[in-house]
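Data first, discussion second: the structure below is written as structure tokens.
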């Protein structure tokens, strides 16, 4: 490829907290300062900024510009990402394009949110007339419907969903950033006995809304080298799709946008599912993890339960899965969620996994899911493959 | 929860998103009216500012029979605004015979009797004394 090589040259993450009493600005500042400290980059070098629209501050349409003031930045490229949990991976991809276009040289992709402290979102639109009256007030009801349809078409072994929860929980137990109240071991019995939220969706299929933030430094490989940054990873493939099958009124809702992203990112990177060293799928609900295992070809469509039961998803296993606990077990820092699993993938590839360091770090597959639509699966899907530099 | 604690359900506001007077007039007449794209002869739901099939604003409201098959089914068990006294609540996605899906509640059986594949017919869910919302009954209850 003649295109300039772009890398992620640093990451930073705050603790995930519940009802922290802090703002998205404060978490963003902590993540930003942490990124500068860990990379050695001076604030004055940062000339690009991507900010994720947070639930806790979204009543302000100028949050991204306010953020530049809060951080004392004067970026020549500013992006405000409104794809929910896809905004971090999507922000990295947009920053790469901006750098290649010469709009900036050193970009920070910043996501911070504090919805458990301050919920400012009002989705408006059709919901008051066509969704709220039937009792679909949030993602769990939509995912209960999705799970029911999946189970109807393919069968669903709840022990497999329990195994996903448990495998990820093992990562959270040794993740200093994980929400402290989630740091206790899980058993299959714990999963099965967790209360039904929207049948067949149980409490332990769901994330917990928390507060937190994360940040990534994106620049050219040449610039990273010139700045003395030794640890970098290359995003070698990225694809996204929004409103998949949006004009099909009777689309199969068990088919997701990832089914079209998988061949794109594998084609661009030359990798296949069996080549992936670790998988960091967006995990707002356990069924989303299982459906992604299928869509990326780790197993055939509909055989997720059997695959999960036969596969070691632990950090020393066949396919290490969300090794820091993912959102399910570290807590979901609002719409900064899309950076949580990305940070873990970069951390592992930098060899900074500590007690949960995995052995194979030549590549990682990271995904995002954003926004829950009417009676379907999810709004935006993103997929990014990272490879060692 | 005692009856005294039951808060009234929020009243949906018409025409906030797109023009929906026809839908709401239909509920007063006991009919389910949905948006229809005459160019492609397809329904769409929820209502949109354009046809999702053509991008044009050539849209009508047409009555549907209200009969269909349950495509997905859940039982919502968590409280929230408008949920007082309704839990556990059978929430389904119905694939109407006209080829469009709509979410709704099942009114005539206990939630655990609801399953994918069952046939349903139009029913009405009283939001208050003045407003009834489209819902469904199992045909063979």
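Residue numbers (the numbering used here), protein chains in the order written: chain A, 1 to 389; chain B, 1001 to 1141. Using N, Cα and C, we set each Cβ at its ideal position, and we do this for glycine too.
Name the residue from the options whose alpha carbon lies nearest to the alpha carbon of residue i.
i              : options                           : result
residue 213/A  : 244/A, 177/A and 59/A             : 177/A
residue 67/A   : 43/A, 110/A, 183/A and 101/A      : 110/A
residue 384/A  : 142/A, 227/A, 105/A and 271/A     : 271/A
residue 1117/B : 287/A, 148/A and 219/A            : 148/A
residue 312/A  : 164/A, 302/A and 387/A            : 164/A
residue 335/A  : 130/A, 209/A, 72/A and 132/A      : 209/A
residue 1106/B : 1124/B, 1098/B, 1099/B and 1100/B : 1124/B
residue 31/A   : 137/A, 378/A, 289/A and 340/A     : 340/A
residue 389/A  : 221/A, 264/A and 127/A            : 221/A
residue 344/A  : 143/A, 200/A and 88/A             : 88/A
residue 1074/B : 318/A, 201/A and 154/A            : 201/A
residue 394/A  : 264/A, 115/A, 197/A and 286/A     : Here chain A covers residues 1 to 389 and nothing more, so residue 394/A does not appear.
residue 353/A  : 100/A, 175/A, 79/A and 12/A       : 175/A
residue 337/A  : 138/A, 371/A and 3/A              : 371/A
residue 227/A  : 70/A, 96/A and 36/A               : 36/A
residue 133/A  : 1053/B, 1104/B, 1110/B and 1140/B : 1104/B
residue 21/A   : 234/A, 118/A, 198/A and 236/A     : 118/A
residue 1128/B : 1114/B, 1053/B and 1028/B         : 1028/B
residue 373/A  : 140/A, 19/A and 54/A              : 140/A
Compare the C-beta of residue i with all C-beta atoms of chain B and state if any pair is closer than 8 Å.
i             : result
residue 132/A : yes
residue 148/A : yes
residue 141/A : yes
residue 199/A : yes
residue 27/A  : no
residue 314/A : no
residue 126/A : yes
residue 160/A : no
residue 249/A : yes
residue 106/A : no
residue 192/A : no
residue 103/A : no
residue 392/A : Residue 392/A lies beyond the range of chain A shown here (1 to 389); nothing can be said about it.
residue 372/A : no
Residues in the same chain with beta-carbon distance under 8 Å from residue i, minus the five sequence neighbours each way, listed in chain order, please.
i              : result
residue 293/A  : 279, 281, 299, 304, 307 and 308
residue 291/A  : 150, 254, 256, 258, 304 and 377
residue 1006/B : 1084 and 1085
residue 61/A   : none
Would you verify that the beta carbon of residue i is, or is not, closer than 8 Å to some beta carbon of chain A?
i              : result
residue 1089/B : yes
residue 1103/B : yes
residue 1086/B : yes
residue 1019/B : no
residue 1099/B : yes
residue 1109/B : no
residue 1036/B : no
residue 1067/B : no
residue 1056/B : no
residue 1027/B : no
residue 1063/B : no
residue 1041/B : no
residue 1044/B : yes
residue 1095/B : yes
residue 1049/B : no
residue 1007/B : no
residue 1132/B : no
residue 1001/B : Note on residue 1001/B: pLDDT 48, under 50, position unreliable in the model; the coordinate value appears next. Judged by the 8 Å Cβ criterion, residue 1001/B is not in contact with chain A.
residue 1075/B : yes
For residue i, which residues of its own chain have a beta-carbon under 7 Å away from its beta-carbon, when the five flanking residues on both sides are left out?
i              : result
residue 231/A  : 350
residue 1068/B : 1094, 1095, 1096, 1097 and 1120
residue 98/A   : 48, 77, 104 and 107
residue 59/A   : 120
residue 1024/B : 1014
Given residue i, which residues of its chain have a CB within under 6 Å of its CB, disregarding the five upstream and five downstream residues?
i              : result
residue 315/A  : 323, 356 and 358
residue 320/A  : 278 and 358
residue 1034/B : 1043, 1045 and 1064
residue 1076/B : 1089 and 1091
residue 273/A  : 296, 297 and 298
residue 80/A   : 51 and 64
residue 1100/B : 1043 and 1045
Could you tell me whether the region 1092 to 1110 of chain B touches the region 348 to 365 of chain A, using the rule of 3 or more Cβ pairs below 8 Å? no
Check whether the region 192 to 200 of chain A and the region 146 to 160 of chain A are in contact - that is, three or more C-beta pairs closer than 8 Å. yes
What runs of the beta strand (DSSP E), each 3 residues or longer, lie entirely inside the region 1059 to 1117 of chain B? 1060 to 1064, 1068 to 1076, 1089 to 1096 and 1100 to 1105
Between the region 327 to 334 of chain A and the region 161 to 170 of chain A, do three or more beta carbon pairs fall short of 8 Å? yes
Which parts of the region 331 to 378 of chain A are runs of the alpha helix (DSSP H), unbroken and 4 residues or longer, counting only runs that do not cross its ends? 337 to 349
Please determine if the region 40 to 55 of chain A and the region 253 to 264 of chain A are in contact, where contact requires at least 3 C-beta pairs separated by less than 8 Å. no
Threshold first: 3 residues or longer. Then list the beta strand (DSSP E) segments lying entirely within the region 221 to 302 of chain A, N to C. 233 to 242
Taking only runs that begin and end inside the region 155 to 226 of chain A, name each unbroken beta strand (DSSP E) of 3 or more residues, in chain order. 196 to 198 and 212 to 220
Sequence ranges, alpha helix (DSSP H) only - wholly within the region 7 to 62 of chain A, length at least 4: 24 to 39
Whole runs of the beta strand (DSSP E) within the region 64 to 95 of chain A, excluding any shorter than 3 residues: 77 to 81
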